[in-house]
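Converting from the sequence shown to the working numbering requires adding 7 to each position, the first position being numbered 1. Think of the CB as a built atom: it goes at the ideal place given N, C-alpha and C, for glycine as much as any other residue. Owing to the predicted nature of the structure, the values given are computational and were not obtained by experimental measurement. Some notes on the structure that comes next.
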Amino acid sequence: MLAARTRISSVARRSFATVAKEAPKPVVADKKFRVVVVGGGPGGLSVSSTVSKLLGKDQVAVIEPSSHHYYQPLWTYVGGGLKNFSESVKPMAEVMPNEAEWIQDKATTFDPENNLVTLSDGQTIGYDYLVVAAGLQINWDQVKGLKQALGKDGVTSNYDKDSVQKTYEFVQNFKGGNALFTFPNTPLKCPGAPTKMTFLAEEAFRLNGVRDKTNVIYNTSAGKIFGVDHYGNVLKKLADERGITLNTQHELIEINSNDHKAVFRNNANNELKTFEYDFIHVAPPQGPPTFIKESRLADAAGWVDVNKDTLRHNKYKNVFALGDCSSLPTSKTAAAITGESGVLKHNLIADLQNKKVEQAVYDGYTSCPLIVGREQLILAEFSGYTGQPLETFPIDQRAISNVSQFLNKEVIPSLYWNGLLKGTWTGPSKIRALFDPLRPKRDN
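Printed below as a string of structure tokens:
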């Protein structure tokens with residue numbers, strides 16, 4: 008009996024030793040920062056600019072692989088021949104905050120349990136707080152034949168930095184026939200952009216004397232021309248007046264560039280319909296970046312799973328997200344990022360300073376300046392949470408305005424480069440509050 012106990016004890020000791028040897032080693036980051044920001048777009052730069060000024064050198068890192076930063080809201084004007092592409096781009100080094108460390112690499116995985124981000128070169132970056140502002144991913148391959156056709160023979164998209172520079176050329180060379188414009192069956196950045204290009208092209212066809220031999224067709228996978236009826240009803244009336252054919256529930260699934268044909272699926276009945284085209288502007292399917300979708304930060308749809316009020320992650324309380332990659336149920340626009348960034352920075356800085364303050368709350372503010380002509384714009388501002396207007400000025404902003412067009416085309420870009428990216432512009436809420444006493448009460 009004693010010998011048996013001795014053998015059991017010996018086996019137990021060896022088993023314990025084996026377990027001890029196989030215990031995982033603590034994960035040590037190659038570099039560590041108080042705050043790590045993933046993404047050098049408007050959301051990431053707005054947050055990193057403010058926080059790096061607060062914390063100083065060597066405390067904030069921005070992970071961003073791109074060598075250039077693009078002001079993409081300007082690309083509708085580029086496609087419409089109203090702006091030069093060069094006005095939409097600056098070197099990333101020029102817009103990166105001086106106090107932040109720029110890590111020019113791709114984030115590939117998140118390890119929120121160990122507060123680590125892994126880069127494509129295998130390095131690990133540690134953080135006390137993480138801000139994810141990585142934008143979204145354009146999935147060109149989800150439309151058969153699109154990637155191969157893009158930028159050739161009248162097939163274009165203002166969502167691509169190369170193709171957008173072909174759009175106006177194709178519009179000007181258009182001699183008549185079918186001009187198609189599409190809207191995908193996915194979330195997308197600047198959801199008003201496909202409509203804007205439709206109106207700009209229709210106007211150009213009129214100016215070029217080919218409108219009478221042109222069918223302007225807007226095929227949208229959505230159920231209406233614009234998601235917020237307050238503005239959508241005005242857009243629909245304008246489309247009818249200008250002879251633009253609206254087909255709802257029509258999702259582009261294939262482009263056959265050899266025959267100049269586009270295949271759409273009617274999502275109401277799953278029937279397929281083929282349209283011949285002489286010009287087609289495609290808003291491509293979009294979605295969360297794969298590295299986010301496959302991470303523990305993602306919700307079921309693949310977006311960073313954050314509280315819609317505070318922008319803090321629902322599980323990992325030292326993680327925040329804003330902009331297109333977030334789960335916030337509002338339109339994915341640069342205007343939305345202005346409001347989101349102010350809320351996020353308030354809540355993050357309170358944590359960094361260990362202050363117990365009331366959490367700032369995001370109201371879903373977004374804006375979609377709806378360009379309907381070279382000198383015409385409807386300044387749509389609303390909450391993506393409620394669908395109700397959140398207009399800045401004490402007028403009915405559904406009215407077509409050349410002043411609003413000037414504001415969006417000439418003033419807002421300067422606010423973007425010199426305000427939002429530098430962390431000082433967090434949206435028009437204070438201006439709106441000043442105008443509130445003058446704002447007329449409306450039922451709709």
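For residue i, which beta-bridge partners are listed by DSSP?
i    : result
T131 : T125
F327 : V138, R319
W109 : V69
R272 : E258, L279
P447 : The partner list for P447 (beta bridge, DSSP) is empty, contrary to what the question assumes.
A459 : With the chain covering only 8 through 451, there is no way to say anything about residue 459.
T163 : H288
I145 : Q293
K151 : E261
T252 : I224
K196 : K339
A305 : V311
S408 : L384
Going by Cα to Cα distance, which pick from the options is closest to residue i?
i    : options                : result
V45  : P104, A140, N425       : A140
K113 : S73, A406, D167        : S73
V150 : D316, E108, S93, V270  : V270
V350 : V96, V54, N415         : V54
G47  : P336, G152, A107, F188 : A107
I287 : N263, E301, A307       : N263
E176 : K159, F40, N240, A342  : K159
A246 : M103, L157, K203, P401 : K203
V486 : S127, K448, G426       : Residue 486 lies beyond the stretch modelled for the chain, which goes from 8 to 451, so this question has no answer here.
Q155 : E261, F298, K60, R213  : E261
V235 : V178, A308, Q179, I385 : I385
T255 : L397, V162, E71, S228  : S228
Taking the alpha-carbon positions, what's the residue i to residue j distance?
i    : j    : result
G51  : L89  : 28 Å
D148 : P198 : 20 Å
G294 : R446 : 38 Å
R439 : G346 : 13 Å
L143 : P49  : 13 Å
G183 : A208 : 12 Å
K173 : G391 : 32 Å
V313 : P80  : 25 Å
K28  : T393 : Residue placement at K28 cannot be trusted, given a pLDDT of 47 that sits under 50; what the coordinates show is reported in the next sentence. Roughly 56 Å separates the two Cα atoms.
L441 : D266 : 57 Å
W432 : D285 : 42 Å
L304 : P119 : 8 Å
T205 : S408 : 18 Å
K243 : D219 : 21 Å
H257 : P292 : 13 Å
L455 : I232 : Because residue 455 is not part of the residues shown, which for the chain are 8 to 451, the question remains open.
Y134 : T281 : 52 Å
P401 : D443 : 7 Å
L329 : L355 : 12 Å
A186 : T252 : 10 Å
A200 : P194 : 13 Å
V178 : V85  : 12 Å
L397 : K38  : 43 Å
G434 : Q412 : 18 Å
S348 : L428 : 10 Å
Would you check whether the ligand GDP has a heavy atom nearer than 7 Å to the C-beta of residue i?
i    : result
N180 : With respect to small molecules bound, the structure shown includes none, and the ligand GDP cannot be examined in it.
Tell me the residue span of the beta strand (DSSP E) that contains residue i.
i    : result
E248 : Premise fails: E248 lies in the alpha helix (DSSP H), 236-248, not in any beta strand (DSSP E).
V189 : It should be pointed out that residue 189 corresponds to Thr in this sequence rather than to Val. Taken as a continuous stretch (DSSP letters only), the beta strand (DSSP E) holding T189 covers 184-190.
A387 : 383-390
V380 : According to the sequence provided, residue 380 is Gly. The question's Val does not apply to it. Unbroken beta strand (DSSP E) run through G380: 372-380.
T337 : Unbroken run through T337: none, as it is neither H nor E.
Y225 : 221-227
V42  : 38-45
Y77  : 75-77
P98  : 96-98
I'd like to know whether the C-beta atoms of residue i and residue j end up nearer to each other than 8 Å.
i    : j    : result
A211 : I132 : no
N192 : N274 : yes
G250 : V223 : yes
V289 : S436 : no
Y238 : R381 : no
T125 : S302 : no
T373 : S333 : no
H335 : K315 : Note that residue 335 corresponds to Leu in the displayed sequence, not to His. Cβ atoms of L335 and K315: closer than 8 Å.
K168 : Y77  : yes
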